[in-house]
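In my numbering, the protein residues as written are 9 to 62.
Yeah, the Cβ is synthetic: ideal placement off N, Cα and C, and Gly gets one too.
Accompanying notes for the structure given below.
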């Protein structure tokens, strides 16, 4: 589990965290997330189980 990388040129940790908080964590728990590397998940599952969102 992760929340994204910030080691690329032009990436910014504070911007990433702000986007997660203001765009993703405001969605309902049953909102499905289709990520590019793993199986689908939901906002609620990630909110509870992803240590980077604690």
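Proximity test, residue i beta-carbon vs the ligand SAM heavy atom, cut-off 7 Å
i: residue 23; result: The ligand SAM is not part of the structure shown, which contains no ligands of any sort.
Residues near residue i by beta carbon distance below 8 Å, same chain, minus five either side
i: residue 61; result: 11, 28, 33, 54 and 55
i: residue 36; result: 51 and 52
Short Cβ contact (8 Å threshold) for residue i with residue j
i: residue 30; j: residue 40; result: no
i: residue 52; j: residue 38; result: yes
Proximal residues to residue i (C-beta, below 6 Å), its chain only, five neighbours per side dropped
i: residue 42; result: 48
7 Å CB neighbourhood of residue i in its chain, flanking five on each side removed
i: residue 20; result: 14
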